[in-house]
Structures are given as C-alpha cells and as structure tokens.
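Below you'll find the structure, written out as structure tokens, and then a few comments.
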Amino acid sequence: MEFTGAIFDMDGVLFDTEKVYQQTWHEIAAELKVTLANGFLRDISGSSGARMNQVIETYFQVPDGAGIARECMSRVREKLSVHVPMKEGVREILEFFRQEGMPVAVASSSLSQQIETNLKNAGIDGFFSEIVSGTEVEQGKPAPDIFLRAAERIGCKPEQCFVFEDSENGVKAGYAAGCATIMVPDLIAPSPQIQQYCTRICRSLVEARVEVCRMIGE
4 MEFTGAIFDM DGVLFDTEKV YQQTWHEIAA ELKVTLANGF LRDISGSSGA RMNQVIETYF
64 QVPDGAGIAR ECMSRVREKL SVHVPMKEGV REILEFFRQE GMPVAVASSS LSQQIETNLK
124 NAGIDGFFSE IVSGTEVEQG KPAPDIFLRA AERIGCKPEQ CFVFEDSENG VKAGYAAGCA
184 TIMVPDLIAP SPQIQQYCTR ICRSLVEARV EVCRMIGE
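Shown next as structure tokens:
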C-alpha cells in the first residue's frame, strides 16, 4: 500500500488536553449537582455537534446539551490559554512526515480557533497544511465526514492516509473513512470491540512512528 498523507486528531493525540476536558465536564456536573455515570468518558470522547449534545443530554439529564457544551469549551479555552501540554513524540513524527514529503492535516472536534491557537502556542503549526474542525462537517465522529474532508483537503485518497486517534469514536470514524487508523490510547484503554477497527494500536506517537516506518516500507 502506498501512503501519501497523514491526519491527526488533536485532543489526546497531539496534546495532553483530554484530561482538561474531562476535569471541566465533571466540574460543570458538580455545579449542577449531577453525577456522571460510567460510560460518559467513552461516549463523549471524540464527539462533536449533535452527537456531543446527545451524550450531554443523556448523562446530564437536560433537554438541550448545547449550552453545557458551549460552557465547557469556553472554560477549556481559558485554561489552555495558559499552557498546552504536548504529547510525547509529536514533533518527531511530524518531522518524519515532513521528510517523507507527505502532507499532514488536523481533524479535530474542537473549534477551528482553538485548534489554531493550540498549534501555534506549541510551535508546531508549520507542520500542518490543513485544519478541519468538527463544525465544518454535517456529522461528527464516529461518522467519517471529518476524515474524508481532511483527506480531500490534502489531496489524498482516504485509503492512502494514516489517521491517528485516541478515542473509540475517532477510531470508528477513521475506519469508516477507509483510512489506515492507528489508535494511540489516552485516557481509555482500547476495548476488545474497538481493536477490529484499528490498523495498529500504539502506546505513544514514538511507537507509532516506528510502525509507520514499517508500514511505508512494506
């Protein structure tokens, strides 16, 4: 298989920000005197738009989750304006793709402004030729829309793109798009059910770079 491009999720893959989101969801839940049941982390991770609102409505027991979603995003933006922690191996794998001459995109459920700010603050914005936000597509993850759009933007066929994801919703989206989906788990260990959707499962982007080298050479 010839690979021609790479697409990265942001939260939990490029940056250690998923913890910030989870802390904030629980912070808001405590203020509303709601206890988030088991399963919230798995269901909310990687989601956006109508799917995210549906998850919020189920676990927060509210008729409309949009307001809580906006409040969470606002608080997270404020927290990340101080510091954006980068995951291990990010710069090295991005340098690898640059040396290979392969275009790279970010496809994240976060807002475009937040994506751009995080990349710039971390000093890695120059590695990415395209940014696709969840607000730009009709259906969020686990639908494949965002990865199909990202592949199109960087001029690559989906089946010739690597996708790097940490969430099960994201992995399912990458698989549905036809991409070679590499799971790099963050807060959630991969379930037996999700493994069938993964081309590889790696403990870090350091390990993922080794696997990518191997796959390109096959």
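Per the working numbering, the sequence shown starts with residue 4, numbered consecutively. Glycine included, every Cβ here is placed at the ideal spot set by N, Cα and C.
Please name the residue in the options whose C-alpha comes closest to that of residue i.
i: G111; options: G220, M105, V16, F130; result: For clarity, residue 111 is Ser in the given sequence; the question names Gly instead. Taking only the C-alpha atoms, the option nearest S111 is V16.
i: E214; options: V87, F100, N41; result: F100
i: D248; options: G181, E119, T120; result: Residue 248 cannot be examined here, being either before or after the span of the chain that is shown, 4 to 221.
i: M4; options: E168, D67, P161, L97; result: P161
i: E141; options: T202, A53, A183; result: A53
i: I134; options: G143, R156, A125, K144; result: R156
i: S170; options: E210, E103, C205; result: C205
i: K144; options: W28, V87, Q57; result: Q57
i: N41; options: Y178, S207, F63, E119; result: F63
i: P88; options: A176, V166, C201, F18; result: F18
i: Y200; options: A176, R212, E91, L190; result: A176
i: Q196; options: V79, N172, I127; result: N172
i: F130; options: N121, P188, V107; result: V107
i: S115; options: R212, K22, M76; result: M76
i: K90; options: R152, K36, D189, A33; result: D189
Go ahead and pull the three-state DSSP assignment for residue i.
i: M186; result: strand
i: I31; result: helix
i: Q196; result: coil
i: I118; result: helix
i: E221; result: coil
i: N41; result: coil
i: Q102; result: helix
i: S77; result: helix
i: D46; result: helix
i: E210; result: helix
i: G143; result: coil
i: I191; result: coil
i: K175; result: helix
i: Q284; result: As shown, the chain starts at 4 and ends at 221. That puts residue 284 outside it, with no answer to give.
i: D148; result: helix
From the DSSP secondary-structure annotation, give me the bridge partner or partners of residue i.
i: V109; result: F11, I134
i: C164; result: G8
i: F18; result: D14, M89
i: R54; result: None; R54 has no bridge partner.
i: R203; result: I185
With 16 other CB atoms within 10 Å as the buried threshold, where does residue i fall?
i: R73; result: exposed
i: Q117; result: buried
i: T38; result: exposed
i: S113; result: buried
i: S241; result: With the chain running from 4 to 221 in the structure shown, residue 241 is simply not present.
i: D67; result: exposed
i: A9; result: buried
i: L208; result: buried
i: L83; result: buried
i: E30; result: exposed
i: E34; result: exposed
What's the gap between the Cα of residue i and the Cα of residue j?
i: V174; j: S51; result: 14 Å
i: D46; j: F6; result: 31 Å
i: I59; j: G220; result: 43 Å
i: T138; j: R217; result: 34 Å
i: G49; j: T184; result: 14 Å
i: A154; j: T27; result: 31 Å
i: Q198; j: I71; result: 32 Å
i: A192; j: Q25; result: 16 Å
i: G92; j: E98; result: 10 Å
i: Q163; j: F150; result: 12 Å
i: V23; j: C159; result: 33 Å
i: R80; j: L122; result: 13 Å
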